[in-house]
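Asks: Sharing a structure below in structure tokens format, with a few things to ask.
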Amino acid sequence: METLSRWQDRFTRPRLFATEVAPADRTAGLVTTVEGAQVRLHAWDVPTGTMRPVDAPGAYPTGYRWLGHDGARVYVLVDHDGSELGHLAAVDLRGETPPVDLTPSLDPYTVRGVGVSRDGAGVVLTAVDADGFHLYHLADPVRPTPSPRTLAWFHHEAWTCLLSADGEIATVDITEHNPGVRRFAVRALRVDDGATVGTLTDGENTSVEARLFSPRAGDPTVAVTTDASGVCRPLLWHVVEDTRRALAVERLPGDVVPVDWSDDGRHLLLVHTWRANQQLLRYDLDSDRFEVLDLPPGTYHEDRIRSSQFGPDGTVLAGVESLQAALAVHRHRPGAGSDLVLASDTPPGHPVRSVGITSSDDVEAQGWLATPAGSGPHPAVIIVHGGPHAVDVDYYDPVTAMWVDHGYACLRLNYRGSTSFGKTYREAVWGDVGHWEVEDIVAARQWLVDRGVAAPDTVLLSGASYGGFLTLYTLSVRPQLWAGGIAEVALADWRLAYEDANPALQAAMRGWFGGTPDEVPQLFRDRSPLT
């Protein structure tokens with residue numbers, strides 16, 4: 162009964178999911194919690210650590226929220242039917258006014274980015290509908306805009322958007338220079354007339370993505386990342402002068418991504434990810450040197466959802482989580498170490514270790530392995546993430562802990578297509594959906610069996626979304642290897658999924674397959690588990 166209670170508590174007891182502080186007022190923040198199947202928002206008074214629940218409309222996904230410049234409001238996609246199509250709403254975190262639909266005149270759309278100026282004068286929105294990808298400017302961040310002004314329109318994928326500190330320049334990540342391929346360039350535009358200021362690209366075989374604007378008014382410098390070297394590297398781009406400055410992180414393997422910029426403009430907070438392991442760096446722009454912050458091991462940032470940031474008075478508020486411990490916020494002071502400032506009473510998970518698995522073509526895949534007590538072999542489950550361009554890092558996962566509680570070995574696999582293993586690894590699935598992912602999954606099963614971790618006739622496969630597709634597809638092409646599988650919100654028929662998907666997902670699928678179902682029908686058919 163104790164074990165039963167523990168695994169149930171991990172799912173039902175409230176736990177921190179994400180924290181964020183406002184760039185123009187570091188004492189105000191937002192805390193997102195998960196309570197069973199519910200995602201809840203809380204206004205966060207950073208100095209005291211107190212949180213106040215906020216009523217927010219719609220069943221929006223957990224990543225679809227953007228904190229306002231001063232922490233007074235949060236912007237969410239209101240999506241009532243799970244389609245990821247809806248409207249952007251401003252939610253008052255002080256509870257004084259009801260939520261406001263900012264674009265009532267538009268048809269429902271998918272959001273691919275929201276940017277807020279540091280002075281709070283405006284909002285930009287990347288919205289996707291049947292007509293394409295739109296970059297809108299909303300002059301009033303708290304009241305409905307009868308006719309949002311279009312700064313730019315794109316036929317091909319466009320993601321993210323940022324506003325400069327004074328609201329005069331916007332950026333958007335675009336693929337118009339390389340149609341149908343998810344390799345980005347950064348386009349900068351003047352907000353007053355939509356004119357292009359500049360475009361930053363390292364060529365059609367690379368991806369450049371905007372991350373942060375300088376905190377200084379009048380400074381049109383953007384911190385971006387480029388994968389020209391094969392991994393993500395940060396640089397500073399002055400959009401008016403079209404000059405760039407690389408940061409001195411060459412000796413670090415893997416991806417280095419800027420996640421915040423200090424108020425005085427002197428320091429950047431960087432997350433270094435190599436083979437799904439992370440560390441947090443404080444970079445001094447005056448000396449071009451960085452320090453690794455002394456913090457508990459774990460994960461500090463995940464694809465713009467979980468983010469560590471600078472706090473009041475030059476401190477760093479680091480959100481840290483691992484499979485063994487749910488998200489907690491540690492305050493780091495330069496030269497004075499760190500202390501815990503925010504945590505939830507969530508039962509711990511189990512120890513996990515990173516393992517390397519050699520696939521059929523000698524490429525090494527990575528996974529996170531947790532095992533129950535005893536020497537084995539155990540029944541086992543391999544979990545494959547969605548995406549495919551995502552990564553399983555060492556974060557708190559009640560599902561993994563549940564399997565281990567019940568006597569299963571659990572391996573979370575970062576198959577070909579996962580991020581943080583270099584551009585070649587990430588793009589291996591393009592035009593060949595399902596092939597190398599299955600090879601990696603089969604190699605992972607064999608690795609578990611060869612080492613006595615798993616009994617060969619008791620290995621299960623599980624995944625959701627793209628991971629659900631991989632579960633069904635692997636079971637269909639290698640059925641003799643598996644005891645069974647659990648596929649959640651799975652894609653079983655790629656043509657049907659394409660026809661049913663919103664325009665943003667359709668654009669992504671065209672990139673993965675190299676065309677539409679009518680242009681490459683055989684590939685869509687061959688890689689559909691249903692056929």
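Residue numbers (my numbering): 162 to 692. We treat Cβ as the ideally placed atom computed from N, Cα and C, and that holds for glycine.
By the 10 Å Cβ neighbour count, where 16 or more other Cβ atoms means buried, how is residue 565 classified, buried or exposed?
Replies: Per the 10 Å Cβ criterion, buried.
Asks: According to the Cβ coordinates, are residue 176 and residue 625 closer than 8 Å?
Replies: No, Cβ-Cβ distance for residue 176 and residue 625 is not below 8 Å.
Asks: Counting only the same chain and skipping the five closest in sequence on each side, list residues whose C-beta sits under 7 Å from that of residue 301.
Replies: Excluding positions up to five away in sequence, the list is empty.
Asks: Could you tell me whether the Cβ atoms of residue 371 and residue 334 are closer together than 8 Å?
Replies: Yes; because the gap between Cβ atoms is below 8 Å, this pair is in contact.
Asks: Going by DSSP, name the residue or residues bridged to residue 212.
Replies: Partner(s): 205.
Asks: Compute the distance between the beta-carbons of residue 415 and residue 387, then report whether it is under 8 Å.
Replies: No.
Asks: Suppose contacts are defined by Cβ-Cβ distances below 8 Å. Is residue 450 in contact with residue 477 by that definition?
Replies: No.
Asks: With C-beta atoms as the reference, is residue 509 less than 8 Å away from residue 470?
Replies: No, the pair does not count as a contact, with Cβ atoms beyond the cut-off.
Asks: At the level of alpha carbons, what is the spacing between residue 405 and residue 382?
Replies: Rounded to whole angstroms, residue 405 to residue 382 spans 9 Å at the Cα level.
Asks: Thinking C-alpha only, which one of 483, 474, 447 is nearest residue 460?
Replies: For the residues 483, 474, 447, the minimum Cα distance to residue 460 belongs to 483.
Asks: Report buried or exposed for residue 166, applying the criterion of at least 16 other Cβ atoms within 10 angstroms of its Cβ.
Replies: Residue 166 should be labelled exposed.
Asks: Excluding five sequence neighbours on each side, which residues of the same chain lie with their C-beta closer than 6 Å to the C-beta of residue 365?
Replies: Correct list, in chain order: 339.
Asks: So that I know if they touch, is there some Cβ in chain D lying closer than 8 Å to that of residue 369?
Replies: Considering every chain present, this structure includes no chain D. It has just one protein chain.
Asks: Three-state secondary structure (DSSP) at residue 485?
Replies: DSSP places residue 485 in coil when its eight states are reduced to three.
Asks: Please report how far the alpha carbon of residue 205 lies from the alpha carbon of residue 323, in whole angstroms.
Replies: Whole-angstrom Cα-Cα distance: 24 Å.
Asks: Check whether the Cβ atoms of residue 541 and residue 570 lie closer than 8 Å to each other.
Replies: Taking 8 Å as the Cβ cut-off, residue 541 and residue 570 qualify as a contacting pair.
Asks: Secondary structure at residue 505, three-state DSSP: helix, strand or coil?
Replies: The answer is coil: DSSP assigns residue 505 none of H, G, I, E or B.
Asks: Measuring only the C-alpha atoms, how far is residue 574 from residue 306?
Replies: Their backbone Cα atoms lie some 45 Å apart in a straight line.
Asks: Let me check understanding here. Comparing Cα to Cα, which of 379, 385, 417, 402 lies closest to residue 392?
Replies: Residue 392 has its Cα closest to that of 417, out of 379, 385, 417, 402.
Asks: Just the C-alpha distance for residue 631 and residue 243, rounded to the nearest angstrom, thanks.
Replies: Roughly 22 Å separates the two Cα atoms.
Asks: Is residue 580 closer than 8 Å to residue 551 when the C-beta atoms are compared?
Replies: Closer than 8 Å, so yes.
Asks: Does the Cβ of residue 689 have 16 or more other Cβ atoms within 10 Å, making it buried, or fewer, making it exposed?
Replies: With 16 or more Cβ atoms within 10 Å of its Cβ, residue 689 is classed as buried.
Asks: Going by C-alpha distance, which of 452, 321, 428, 183 is nearest residue 280?
Replies: Comparing Cα positions, the closest option is 183.
Asks: So what does DSSP say about residue 220, is it helix, strand or coil?
Replies: In this prediction, residue 220 scores a pLDDT of 45, lower than 50, which makes its location untrustworthy; the coordinate-derived value is nonetheless stated afterwards. Residue 220 falls in the coil class under three-state DSSP.
Asks: Evaluate contact between the region 224–235 and the region 279–299, counting only Cβ atoms and requiring at least three cross-stretch pairs below 8 Å.
Replies: Because the criterion of three Cβ pairs below 8 Å is met, the region 224–235 and the region 279–299 touch.
Asks: So for residue 513, helix, strand or coil by DSSP?
Replies: Reduced to three states, the DSSP call for residue 513 is coil.
Asks: With a cut-off of 8 Å on the beta carbons, I'd call residue 561 and residue 531 a contact; round off their distance for me.
Replies: Right, the Cβ-Cβ distance comes to about 6 Å (below 8 Å), so this counts as a contact.
Asks: With a threshold of 6 Å on Cβ separation, who are the neighbours of residue 380 within its own chain once the five nearest residues in sequence on each side are excluded?
Replies: Cβ within range, chain order: n/a, list empty.
Asks: Leaving out five residues before and five after residue 419 in sequence, what residues of the same chain have Cβ atoms less than 6 Å from its Cβ?
Replies: Closer than 6 Å at the Cβ level, and outside the excluded window around residue 419, lie 372, 373, 384, 395, 429, 431.
Asks: I'd like to know whether the C-beta atoms of residue 267 and residue 275 end up nearer to each other than 8 Å.
Replies: The answer is no: Cβ separation not under 8 Å.
Asks: Mind checking whether residue 606 and residue 652 have CB atoms under 8 Å apart?
Replies: Against a cut-off of 8 Å, the Cβ pair of residue 652 and residue 606 comes out as no contact.
Asks: Would you mind reading off the limits of the alpha helix (DSSP H) that contains residue 607?
Replies: Per DSSP, residue 607 belongs to the alpha helix (DSSP H) from 596–611.
Asks: Applying the 10 Å Cβ sphere with the 16-neighbour rule, what's the burial state of residue 674?
Replies: Per the 10 Å Cβ criterion, buried.
Asks: With residue 445 as the anchor, note down where its beta strand (DSSP E) starts and where it stops.
Replies: Residues 438–445.
Asks: Run the CB neighbour count on residue 529, radius 10 Å, all protein chains shown included, and call it buried at 16 or more, exposed below.
Replies: Buried, since its Cβ has 16 or more Cβ neighbours within 10 Å.
Asks: Does the distance from the C-beta atom of residue 309 to that of residue 317 stay below 8 Å?
Replies: Going by C-beta atoms, residue 309 is not nearer than 8 Å to residue 317.
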